[in-house]
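Data first, discussion second: the structure below is written as structure tokens.
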Amino acid sequence: MLLGERRRLTLQVTIRDSDAFTIRDATWRLEGGGTLEEGVAEIVDHNLRVEVEPKTTGLYQLTVTFSVGTEVIKKRVSIQVGK
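Structure (structure tokens):
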């Protein structure tokens, strides 16, 4: 990713041996470059959509937290932002 870009990222959620599940309460947190951004992820079927726009170059960590049934699940993705 390059500095100045605003990108929509989609995380696909799969559960082995089951297509019958519902995602609830999805949030995201972007940390890095001395900044912190947070928001609510858009839930579309079994996908979570997040729009990010890092403000400086460097390595960021995007953490998406969501619920399926009684479980709370966190997924982390690294994003490198360059010039």
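Throughout the sequence shown, residue numbering follows the numbering used here, covering 1 to 83 in sequence. We put the beta carbon where it would ideally sit given N, CA and C, even for glycine.
Where the beta strand (DSSP E) through residue i begins and ends
i, result
"residue 20", "Run containing residue 20: none; DSSP gives neither H nor E here."
"residue 13", "That residue, residue 13, is in no beta strand (DSSP E); it is neither H nor E in DSSP."
"residue 39", "35 to 40"
DSSP beta-bridge partners of residue i
i, result
"residue 74", "65"
"residue 82", "2"
Simplified DSSP state of residue i, which is helix, strand or coil
i, result
"residue 56", "coil"
"residue 25", "strand"
I want to know whether the region 19 to 32 touches the region 58 to 77 - three or more CB-CB distances under 8 angstroms. Output reads yes: the region 58 to 77 touches the region 19 to 32.
Measuring CB atoms only, is the region 1 to 13 touching the region 29 to 39, in the sense that at least three cross pairs come out at less than 8 angstroms? no
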